[in-house]
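Novice:
Number of protein chains: 2
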Amino acid sequence: MQYHISDKIAPLKPSAIREIFKYAGSNDVISLAGGNPAFETLPVEDIRKLTAEVLEQESKTVLLYSQSAGHIPLRNALKDYLSRRHGFLKEYDDLMVTTGAQQCMDLTCKVLCNERDTVICEDPSFIGSLNCFRSYNTNLVGIPMEEDGIHLGKLEEALKTEKNVRFIYLIPNFQNPTGITMSLEKRKAVYALAKQYDVMILEDNPYGDLRFEGEELPCVKSFDEDGRVVYAGSFSKILSTGIRVGYLVAPQELMAKLEVAKQCTDVHTSMIAQLLCHRFLTERDIDAHISGIKGVYAHKCGLMLKEMDDRFPKSVTYTRPQGGLFLWVTLPEGMDGGEYATRLVKEHKVCVVPGSAFSVKEAPGSRNIRLNFSSSTDEEIITGITKCAQLLKDML
Amino acid sequence: MQYHISDKIAPLKPSAIREIFKYAGSNDVISLAGGNPAFETLPVEDIRKLTAEVLEQESKTVLLYSQSAGHIPLRNALKDYLSRRHGFLKEYDDLMVTTGAQQCMDLTCKVLCNERDTVICEDPSFIGSLNCFRSYNTNLVGIPMEEDGIHLGKLEEALKTEKNVRFIYLIPNFQNPTGITMSLEKRKAVYALAKQYDVMILEDNPYGDLRFEGEELPCVKSFDEDGRVVYAGSFSKILSTGIRVGYLVAPQELMAKLEVAKQCTDVHTSMIAQLLCHRFLTERDIDAHISGIKGVYAHKCGLMLKEMDDRFPKSVTYTRPQGGLFLWVTLPEGMDGGEYATRLVKEHKVCVVPGSAFSVKEAPGSRNIRLNFSSSTDEEIITGITKCAQLLKDML
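Written as C-alpha cells, this is what we have:
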C-alpha cells in the first residue's frame, strides 16, 4: 500500500553518523566517526558487581513498573552530584531521569514547541538534536560559531527578527561537532539575551565532566535566576552509552509537563540501568573515576593533534579542544568534506563524518569533517591520521 | 517566568494510573489498580544469571552505542519467535526493538500522523496509548466496545465520515481496560474494513501470550496481505515491565521512517535489557515459562471472579476475561466510578482505576472501574474484593 508519512518525519533522513556506524562495524575499518567513549575508561568490573547487587537486593524494584520521573534515590543522588560538582541546582528546579540525554531534547521540544515555532541552534551542532527538533516541524535557525562560541551579534539579530522563538539550544562545553568551548563572557551574555528577549535555553552538557585542559567554567544554568534554563546531562561518557541513561533539570512547573510527555513516550527509563547508575553514584568514587578518564582523553587528543600537526598540510586548520571527544577540521579551500569522507572510507578504510551532517541548513561544499579521538587506540589514531593526511595530499 | 507549553501537551493531564501508582506505593494500601505482572511469575533467578553472563561475555556490545533498530541477534530471535508462536511474519516486514511497547505507539503515531489527522480507537482503551495519540494533537475517535470487540457498524460509520483517518488502534486480546477479546469474525471484518477504506491498523498485543481460557485466535496481523498492519509486542508481561523492552513489526518501507524517528527519540533501547531478552528467548524454554504464568493468572482471575460472584450485589456486572490482567466492572445505575474509586481508597485503602480514565472523550458519570488481578496475592484479592463489596452495599 501507499503510506502516508507525516510532514514532520517525511523530510528526515537517517543520521549520517548512525548510517556510518553501521558501516564502521567491519573489522578492517578504522572509525574516527563515532561518539563512543574509550571502552577502557568504562568501569566494567564495577558495572558487573553493581548490577549483580541490584538484581540480588532490589529485584522487585528493578523488574516492576516505576515512576515516570525516575527512580527516586537516583534522582536524589543526581541532585547531590550536580549541587556538589556544578553548584547550580535551584530550589525551584526538579530532576527527571531520561532514556539517554537524547530524550531530554525530545521531551523539551515536544513540551515547548508547536509546529513552526523557532528553535535557535549553534551552527554546526549535534545532528541528533537537530534531527529531533526537525521531527517536531520546528523552524530551525542556525547561528554561526566563533572560536569562543556562538556569534552574539547574529544571535541577537535572530532573537529580534524570528517569530515564536521557544529556546536557544547550546552545548557550551567541547561542543559536538566543533570541540569549541563557550567563554565565560559569552555564557553570561547569552543568558542575558535570553532574558532580554524572554526565551528559554536548553543547555546540553554531555561532556562537561571531561575537561582535560584549562579551567572549569560555570554552566549557563548556574546563572539562571528565573527558571529559564533547562539542563541535559548524561551518564553516557562516564559510565556507558549503551545503558541509555540521561537526566533533565527543569523548573518544577515545566517538569510536570515533561513528566506527562515522558509517560506518553516510554513510561519510564529501564530500571536495571537506573539502579546501576544510582549505585555507581553513591557507592563509588566518581571524582576519581572522572579524573582517570580525563587523563586518557588528554593523551588521545594530544596524540591526534600531534599527528595532525606533523602530517597535515598547512592549509588544513582544526580546533584544539580542551575536553570532550571531538575536533573539527577545516579542509583547504575548494575541497569538499563529503567527497573527502567518501574517498577516505572507500580508498583508505578510515571513517570520519562530513561536516555537512551537522549543518542546520543544507550545506553543499562544506569544507569540514569531524574527528573523534576517544574511541580509537593509539595505533588506530596514528594510522588513521596518516591515511587522512595521505588523502589530503592526493586531493590537493 | 511564564512558560509557553505546546498545544499538544498543554491539555494533557498525568495518567490517572501513573498518579494512583504513586499513591499505591504505601504499604497499607491494597492496589487492584496497576498493570504489573505477578512478581512471582518473573524468572528472577534466570534474569540474574543471564544478565551476569551478558556483562561477562558481551560487555563491549552492552556498554557502547548500538543500532537504532535494535540488537540484531534479538531482532532475529524475535522474528523466529513470532513466526513460530504467531505465524505472521511476512517477507516485507521488519522488526524494531523499542523502549517498551509504549514507544511503539509513540513512533507509529509520530510517523503516520499530522496534527488533526484522525486515529480511531476502541472506547474505552488503554490510557497510555490514548494520551500518546493526544500528545500528537490527533483527532481521537472512539468506537464503543461490544462483548466480542469493537462495534463494526460504528467503526464503518467513522471510516466513512471522519477525515484523514491514519490508523485504527486495537488491542484484540484481553483488552486493556475491559478484558474483552475480539472474535475471529470481527478480526477479519476489521481488517476488511481497513482495506476497504485504505487505512492502517496498529495492533497492540501485550497480553497475547497470556490466554488461560478458550482457544488461541490469530492476530489481525496474520491476515495482512499488503503491509497494512503494524504490530506492537512486549516483554513486559512475560519477563519484566521494569526493563522496558518492546518491539514493533512493520513493513520495511515504513520501518525506515520509524527508525529515523527512533534515532530522534532515544537513539536505541538500553542494551543490558536487550541482551537479557535475547538470551532469555534463545537459551530458556519460553513456552514452558509462559505455560507457568498462565496457570497463575487462571487461578488469580478465577479467585477474583469467585469473590465477586459471591459478594457483589446482582446489579453489578463485569467481564469474564479469557486472559490478560484486567477485568471491567459496571456499577449499578446512578453510581459514579470516579466517586466510588475515591471513596474506596480513602475509606477502605483499596485502589482501583475509575473507568473514565480510559474514555476517549471526557466521560462524566462513567459507571465503570477497572480491576487488576495479576499483581495481588490471594489474600489481597479476597480482602480487596470484600472491601469493594462493602462500599458497593454502602453506596446502594
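Protein chains in written order, with my numbering: chain A, 1130 to 1525; chain B, 1130 to 1525. Backbone N, C-alpha and C define an ideal beta-carbon position, used for all residues, glycine too. Predicted, not measured: the structure shown is a model, and the values here were computed from it.
1) Check residue 1139 of chain A in the structure and name its three-state DSSP category.
2) By how many angstroms is the C-alpha of residue 1323 of chain A removed from the C-alpha of residue 1298 of chain A?
3) Show which residues of chain A have a CB atom less than 9 Å away from the CB atom of residue 1526 of chain B.
4) By DSSP, does residue 1464 of chain B sit in helix, in strand, or in coil?
5) Can you round the beta-carbon distance between residue 1310 of chain B and residue 1451 of chain B to whole angstroms, since I take them to be within the 8 Å contact cut?
6) For my contact list, residue 1251 of chain B and residue 1304 of chain B are in at a C-beta cut-off of 8 Å; report their separation, rounded to the angstrom.
7) What did DSSP end up calling residue 1498 of chain A once you bin it into helix, strand or coil?
8) Looking at the structure shown, is residue 1295 of chain A part of a helix, part of a strand, or coil, going by DSSP?
9) Do we get a CB-CB distance below 7 Å when we pair residue 1138 of chain A with the residues of chain B?
10) So if I threshold CB-CB distances at 7 Å, which residues from the region 1400-1416 of chain B count as touching chain A?
11) Output, in sequence order along the chain, the residues in the region 1218-1252 of chain B whose CB is closer than 7 Å to any CB in chain A.
12) Is residue 1340 of chain B helix, strand or coil when you go by DSSP?
13) Thinking C-beta only, is residue 1228 of chain A closer than 7 Å to residue 1395 of chain B?
14) Beta-carbon within less than 8 Å of residue 1473 of chain A's beta-carbon, same chain only, minus the 5 sequence neighbours each way: which residues are those?
15) Would you please verify whether the beta carbon of residue 1366 of chain A is less than 7 Å from any beta carbon of chain B?
16) If you pair each beta-carbon of the region 1402-1418 of chain A with each one of the region 1377-1392 of chain A, do three or more pairs fall below 8 Å?
17) Residues of chain B with a CB under 8 Å from the CB of residue 1173 of chain A: which are they?
18) Can you grab the Cα-Cα spacing for the pair residue 1142 of chain B / residue 1390 of chain A, in whole Å?
19) When you measure from the CB of residue 1501 of chain A to every non-hydrogen atom of the ligand GDP, does any distance come out below 6 Å?
20) Tell me whether the beta-carbon of residue 1259 of chain A lies closer than 7 Å to the beta-carbon of residue 1272 of chain A.
21) Would you mind telling me which residues of chain B sit closer than 8 Å to residue 1168 of chain A, beta carbon to beta carbon, in chain order?
22) Please report how far the alpha carbon of residue 1222 of chain B lies from the alpha carbon of residue 1407 of chain B, in whole angstroms.
23) Any contact between the region 1348-1366 of chain B and the region 1358-1376 of chain A? By contact I mean 3 or more CB pairs, one from each, below 8 Å.
24) Give a yes or no on whether the minimum CB-CB distance between residue 1264 of chain A and chain B is below 7 Å.
25) On a CA-only basis, which of A:1174, A:1171, A:1139 is nearest residue 1243 of chain B? Give me that one, please.
26) What residues from chain B crowd round residue 1165 of chain A, counting only those whose CB sits closer than 8 Å?
27) Residues in the same chain with beta-carbon distance under 7 Å from residue 1512 of chain A, minus the five sequence neighbours each way, listed in chain order, please.
28) When DSSP labels each residue in this structure, what does residue 1286 of chain A get in the three-state scheme?
29) Please state if the CB of residue 1163 of chain B and the CB of residue 1501 of chain B are separated by a distance shorter than 7 Å.
30) Note down, in chain order, every chain A residue with its Cβ under 7 Å from the Cβ of residue 1135 of chain B.
31) For the region 1390-1448 of chain B, list the alpha helix (DSSP H) runs that are entirely contained and at least 4 residues long, ordered along the chain.
32) Compare the C-beta of residue 1443 of chain B with all C-beta atoms of chain A and state if any pair is closer than 7 Å.
33) What's the call for residue 1124 of chain A, buried or exposed, on a 16-neighbour Cβ count within 10 Å?
34) Restricting to Cα atoms, I'd like to know which of B:1349, B:1327, B:1289 is closest to residue 1315 of chain B.
35) Would you check if the distance between the CB atom of residue 1295 of chain B and the CB atom of residue 1241 of chain B is smaller than 7 Å?
36) Should residue 1459 of chain B and residue 1471 of chain B be called a contact, given that it needs their Cβ atoms to be closer than 7 Å?
Specialist: A quick look at the data gives this:
1) Residue numbering aside, residue 1139 of chain A sits at position 10 when the first sequence is read from its first letter. Residue state, collapsed to three classes: coil.
2) Here residue 1298 of chain A is taken as the residue at index 169 of the first sequence, counted from 1. Here residue 1323 of chain A is taken as the residue at index 194 of the first sequence, counted from 1. Cα to Cα, residue 1298 of chain A sits roughly 11 Å from residue 1323 of chain A.
3) This structure cannot settle anything about residue 1526 of chain B, because the visible part of chain B is limited to 1130 through 1525.
4) Residue numbering aside, residue 1464 of chain B sits at position 335 when the second sequence is read from its first letter. Coil.
5) The sequence position of residue 1310 of chain B within the second sequence is 181, counting from 1. The sequence position of residue 1451 of chain B within the second sequence is 322, counting from 1. Contact flag correct, Cβ pair sits at about 6 Å.
6) Translated into positions along the second sequence, residue 1251 of chain B becomes position 122. Translated into positions along the second sequence, residue 1304 of chain B becomes position 175. Between residue 1251 of chain B and residue 1304 of chain B a beta carbon distance of about 6 Å is seen, short of the 8 Å cut, so the two are scored as contacting.
7) The residue you call residue 1498 of chain A lines up with position 369 of the first sequence. Reduced to three states, the DSSP call for residue 1498 of chain A is strand.
8) For the purposes of this step, residue 1295 of chain A is identified with residue 166 of the first sequence, where counting begins at 1. Residue state, collapsed to three classes: strand.
9) The sequence position of residue 1138 of chain A within the first sequence is 9, counting from 1. Yes, residue 1138 of chain A lies at the interface with chain B (some Cβ there is under 7 Å from its Cβ).
10) Residues 1400, 1401, 1402.
11) The region 1218-1252 of chain B vs chain A, Cβ under 7 Å: 1228, 1229, 1231, 1232, 1235, 1239, 1240, 1241, 1242, 1243, 1244.
12) Mapped onto the second sequence, residue 1340 of chain B falls at position 211. When DSSP states are grouped into helix, strand and coil, residue 1340 of chain B belongs to the strand group.
13) As a working note, residue 1395 of chain B is residue 266 in the second sequence. As a working note, residue 1228 of chain A is residue 99 in the first sequence. Yes, they are a contact pair.
14) Translated into the one-based positions of the first sequence, residue 1473 of chain A becomes position 344. Within the same chain, residue 1473 of chain A has close Cβ partners 1479, 1480, 1481, 1516, 1517, 1520.
15) Working through the first sequence from its first residue, we reach residue 1366 of chain A at position 237. So, not an interface residue.
16) Three or more Cβ pairs closer than 8 Å define a contact, and the region 1402-1418 of chain A falls short of that threshold against the region 1377-1392 of chain A.
17) Taking the first sequence and counting its residues from 1, the one referred to as residue 1173 of chain A is at position 44. What residue 1173 of chain A touches in chain B: 1184, 1188, 1192.
18) Looking up residue 1142 of chain B in the second sequence gives position 13. Looking up residue 1390 of chain A in the first sequence gives position 261. As the crow flies, the alpha-carbon of residue 1142 of chain B is around 10 Å from that of residue 1390 of chain A.
19) The model on display carries no ligand, and the ligand GDP is accordingly not part of it.
20) Start at 1 with the first residue of the first sequence, and residue 1259 of chain A comes out as number 130. Start at 1 with the first residue of the first sequence, and residue 1272 of chain A comes out as number 143. Inclusion of residue 1259 of chain A and residue 1272 of chain A in the CB contact set at 7 Å is not warranted, their separation being larger than that value.
21) Locating residue 1168 of chain A in the first sequence gives position 39, counting from the first residue. Correct list: 1189, 1192, 1193.
22) Here residue 1222 of chain B corresponds to residue number 93 of the second sequence, with the count starting at 1. Here residue 1407 of chain B corresponds to residue number 278 of the second sequence, with the count starting at 1. Spanning the alpha carbons of residue 1222 of chain B and residue 1407 of chain B requires a straight line of approximately 20 Å.
23) Contact between the region 1348-1366 of chain B and the region 1358-1376 of chain A is not established, with fewer than three Cβ pairs separated by less than 8 Å.
24) If you number the first sequence from 1, residue 1264 of chain A lands on position 135. Residue 1264 of chain A counts as touching chain B.
25) As a first step, residue 1243 of chain B must be located in the second sequence, where it is residue number 114. The candidate whose alpha carbon is nearest that of residue 1243 of chain B is A:1139.
26) Numbered from its first residue, the first sequence carries residue 1165 of chain A at position 36. Neighbours of residue 1165 of chain A on chain B, chain order: 1193, 1194.
27) Residue mapping note: residue 1512 of chain A aligns to position 383 of the first sequence, counting from 1. Answer for residue 1512 of chain A: 1159, listed in chain order.
28) Here the question's residue 1286 of chain A lines up with position 157 in the first sequence. Reduced to three states, the DSSP call for residue 1286 of chain A is helix.
29) On the second sequence, residue 1501 of chain B is found 372 positions in, with the first residue counted as 1. On the second sequence, residue 1163 of chain B is found 34 positions in, with the first residue counted as 1. The answer is yes: Cβ separation under 7 Å.
30) For the purposes of this step, residue 1135 of chain B is identified with residue 6 of the second sequence, where counting begins at 1. Proximity of chain A to residue 1135 of chain B at the Cβ level (cut-off 7 Å) is accounted for by 1239, 1240, 1241, 1242, 1243, in chain order.
31) You should have 1400-1412, 1415-1440.
32) For the purposes of this step, residue 1443 of chain B is taken as the residue at position 314 of the second sequence. When Cβ-Cβ separations below 7 Å define contact, residue 1443 of chain B makes no contact with chain A.
33) Past the edges of chain A, shown from 1130 to 1525, lies residue 1124 of chain A, and the structure says nothing about it.
34) Your numbering for residue 1315 of chain B matches position 186 in the second sequence. Looking at the Cα atoms, B:1349 is the closest of the given residues.
35) Here residue 1295 of chain B refers to the residue found at position 166 of the second sequence. Here residue 1241 of chain B refers to the residue found at position 112 of the second sequence. Contact: yes.
36) The residue given as residue 1459 of chain B occupies position 330 in the second sequence. The residue given as residue 1471 of chain B occupies position 342 in the second sequence. Residue 1459 of chain B places its beta carbon 7 Å or farther from that of residue 1471 of chain B.
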